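In this note's numbering, the protein residues as written are 938 to 1092. We put the beta carbon where it would ideally sit given N, CA and C, even for glycine. Note that the structure is a prediction, hence the values are computed from the model and not measured.
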């Protein structure tokens, strides 16, 4: 379930983008009772997939392939319990063939910042695996994610 960012932002969050609840499960925690570091990127990934699926996007690797070029994570406060967290995500930069997501993983009430980061994706042609422009459909679906300063580049 995707929630729009319709309440007062916490922790100096930007007012754009969407907030998606994501569940932390017992097997996500490590031997110290904390969310394993690799799981933070997975929480973000689940939030992105939930957003795009709820928006109506259907995975079709014959029409486009999106690959991760880079991921950056900064950890602030460990997650130490199972339950829901909030993942605030938005597109901070966009070019003809790529987008840069920013995200913040917070407590469900958005009072505690657990981690934040960014992830750059490149849109590839499935036949050649070379960068290809983002489609009109992708831009339409992405509209709720776009930061105030992000505009579609001229063709």
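Runs of the beta strand (DSSP E) lying entirely within the region 943 to 1028 and spanning at least 3 residues, in chain order: 955 to 961 and 1002 to 1012. Take residue 1089, set aside five residues on each side of it, and the residues of its chain with a beta-carbon closer than 6 Å to its own are 1076, in chain order. Just measuring C-alpha positions, the residue of 1002, 989, 1036 and 1053 sitting nearest residue 976 is 1053.
In this structure, residue 1024 lies near residue 1042, with their beta-carbon atoms less than 9 Å apart.
Note on geometry: alpha-carbon atoms of residue 965 and residue 1017 lie some 10 Å from one another.
Taking the C-beta atoms as reference points, residue 1057 is found nearer than 9 Å to residue 1006. CA-CA distance, residue 1079 to residue 971, rounds to 33 Å.
Apart from the 5 residues on each side of it in sequence, residue 1070 sits with its Cβ closer than 8 Å to the Cβ of 1033, 1034, 1060 and 1092 in its chain, given in chain order. Distance between residue 997 and residue 1009, taken at the CA atoms: about 27 Å.
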